[in-house]
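The numbering of the sequence shown is the working numbering, which starts it at 1 and goes up by one. For each residue, glycine too, the CB sits at the ideal point set by N, CA and C. Beneath this line is the structure, given in structure tokens, with notes to follow.
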Amino acid sequence: MVAKVVFPPGPGLSVLFGFHEENLRHLESAHGVSVIARGNEVTVKGAKAAVEATARVLHRMRSAGAGISADEARGITGGRPTAPRRTPDEAADAPIRTPRLTIHPRGDRQKAYIAATRKSDVVFGIGPAGTGKTYLAVGCALEAFAAQRVERIILVRPVVEAGERLGFLPGDIQEKVNPYMRPLYDALQDMLDRPTLQRLMLQEVIEIAPLAFMRGRTLNKAFVILDEAQNTTEEQMKMFLTRLGADSKIVVTGDVTQNDLPKSVSSGLVHALRLLENVEGIGFIHFLPEDVVRHEMVQRILARYEQEDKRVRPASGRDVAAQRGSSRAGGEGG
Numbered sequence: 001m002v003a004k005v006v007f008p009p010g011p012g013l014s015v016l017f018g019f020h021e022e023n024l025r026h027l028e029s030a031h032g033v034s035v036i037a038r039g040n041e042v043t044v045k046g047a048k049a050a051v052e053a054t055a056r057v058l059h060r061m062r063s064a065g066a067g068i069s070a071d072e073a074r075g076i077t078g079g080r081p082t083a084p085r086r087t088p089d090e091a092a093d094a095p096i097r098t099p100r101l102t103i104h105p106r107g108d109r110q111k112a113y114i115a116a117t118r119k120s121d122v123v124f125g126i127g128p129a130g131t132g133k134t135y136l137a138v139g140c141a142l143e144a145f146a147a148q149r150v151e152r153i154i155l156v157r158p159v160v161e162a163g164e165r166l167g168f169l170p171g172d173i174q175e176k177v178n179p180y181m182r183p184l185y186d187a188l189q190d191m192l193d194r195p196t197l198q199r200l201m202l203q204e205v206i207e208i209a210p211l212a213f214m215r216g217r218t219l220n221k222a223f224v225i226l227d228e229a230q231n232t233t234e235e236q237m238k239m240f241l242t243r244l245g246a247d248s249k250i251v252v253t254g255d256v257t258q259n260d261l262p263k264s265v266s267s268g269l270v271h272a273l274r275l276l277e278n279v280e281g282i283g284f285i286h287f288l289p290e291d292v293v294r295h296e297m298v299q300r301i302l303a304r305y306e307q308e309d310k311r312v313r314p315a316s317g318r319d320v321a322a323q324r325g326s327s328r329a330g331g332e333g334g
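In structure tokens form, the structure reads like this:
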């Protein structure tokens, strides 16, 4: 027997079906049927009694609608309930749980960064490459989406060439900017299986876009990450930060020592750090070279470059911003 249940389209399907469509997979194992989701249409195949029982559960899920919580969806399907939702304060020390892996913070500043991201509406994560700024932010975004605190995830990068001139790139606009967005895709693919990631992007639940595409938008119920923010101009940073809408969160990441802008252009990240450092409700986490979690050689390389910078030039505003101590690492601005 075959039965079909059509759900109203929208981002709420990701909660109803579960990450990895785990709720649908549980229905398969519990009732001995085949359950296939194509967009908002779910097809059930199997013995008549089992198909009818599964269809009844799917109709209950559809009636509950997009406002259902992840735990309630699991309860309807008979799946194992998860732990109760924590407040940001209660979750300060909790690891980040994503569909494919659980991320445990390494060190005090990563822990402070996660806590600040869960608590504050605007957070700046500043520090060397390899400290987990972007990776942890993407994990927190998926966590917030799974808990229904946001309805979409928007990952943004300025399109700036890192010291090279790549010339004309073929293809449509998405194909042209994809190489610049690769680090964001890499993080997502670590945390989501490919079919789920493709489905969420197709539904525009997850959006990866160049910074220029943010102008004129108001981002409501969204978790927005601006990566490589040292490559924004002052005007671009102001434009981006003022996109913040209702029930949204912004995380800005960057390394002020790796600015790829022309020498005559001031970094919007450096300017924002100076301008906003005492604004209440904004979290600032300053990572140090010892926080690098890549290969240990990366720490040694960064330390040698830092020594060279100090030797050949006096400390500038950029250096001061990069070297601020861990006393600012508690995630509280002001």
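Should residue i be labelled buried (16 or more other beta-carbon atoms within 10 Å of its own) or exposed?
i, result
"N278", "exposed"
"D121", "exposed"
"G338", "The question about residue 338 has no answer here: the residues shown for the chain are numbered 1 through 334."
"D186", "exposed"
"K133", "buried"
"H104", "exposed"
"M1", "exposed"
"T218", "exposed"
"M337", "Since the first residue shown for the chain is 1 and the last is 334, residue 337 is missing from the structure and cannot be characterised."
"S264", "exposed"
"L192", "buried"
"E280", "exposed"
"E235", "exposed"
"R311", "exposed"
"R100", "exposed"
"R199", "buried"
"L202", "exposed"
"S63", "exposed"
"E204", "exposed"
Express the C-alpha separation of residue j and residue i in angstroms, rounding to a whole number.
i, j, result
"R372", "R149", "With the chain represented from 1 up to 334, any question about residue 372 goes unanswered, as that position is not in the structure."
"L241", "G268", "11 Å"
"P262", "L188", "30 Å"
"V33", "V51", "7 Å"
"G127", "V293", "12 Å"
"Y305", "N40", "52 Å"
"L13", "L275", "41 Å"
"E228", "T253", "6 Å"
"H59", "V6", "9 Å"
"G216", "A246", "16 Å"
"T117", "K48", "49 Å"
"D309", "Q258", "12 Å"
"M237", "A30", "51 Å"
"E151", "A112", "25 Å"
"A212", "I225", "14 Å"
"A272", "F287", "17 Å"
"E22", "T102", "16 Å"
"F223", "A94", "19 Å"
"A129", "P183", "12 Å"
"F17", "R38", "11 Å"
"M214", "V15", "26 Å"
"M239", "S248", "16 Å"
"V256", "A144", "28 Å"
Terminal residues of the continuous beta strand (DSSP E) containing residue i?
i, result
"P210", "206–210"
"L155", "152–157"
"G127", "No beta strand (DSSP E) contains G127, which DSSP labels as neither H nor E."
"V35", "34–38"
"K221", "Taken as a continuous stretch (DSSP letters only), K221 belongs to no beta strand (DSSP E), as it is neither H nor E."
"G242", "First, the residue type needs correcting, since residue 242 is Thr and not Gly in the sequence shown. Element bounds for T242: n/a, residue is neither H nor E."
"V44", "41–45"
"L15", "First, the residue type needs correcting, since residue 15 is Val and not Leu in the sequence shown. Element bounds for V15: not the beta strand (DSSP E) but the alpha helix (DSSP H), 13–17."
"V5", "2–6"
Does DSSP put residue i in a helix, a strand or coil?
i, result
"K263", "coil"
"A94", "coil"
"H286", "strand"
"L226", "strand"
"A147", "coil"
"G254", "strand"
"T117", "helix"
"T232", "coil"
For residue i and residue j, which I take to be in contact (beta-carbon distance under 8 Å), what is that distance rounded to the nearest angstrom?
i, j, result
"G139", "T98", "5 Å"
"K4", "V42", "7 Å"
"I206", "I153", "5 Å"
"N231", "P158", "4 Å"
"V44", "V251", "About 40 Å; that fails the 8 Å criterion."
"V57", "L24", "10 Å between Cβ atoms; not a contact."
"L155", "I96", "So it is not a contact: roughly 16 Å between Cβ atoms."
"D291", "G107", "6 Å"
Return yes when the C-beta of residue i is under 8 Å from any heavy atom of the ligand MN, and no when it is not.
i, result
"A229", "What this structure holds is no ligand at all, so the ligand MN is not there to describe."
Between which two residues does the alpha helix (DSSP H) harbouring residue i extend?
i, result
"H31", "22–31"
"V270", "268–276"
"M201", "194–202"
Between residue i and chain B, is the shortest Cβ-Cβ distance under 9 Å, so that the two count as touching?
i, result
"V57", "No chain B appears in the structure shown, which is made up of a single protein chain."
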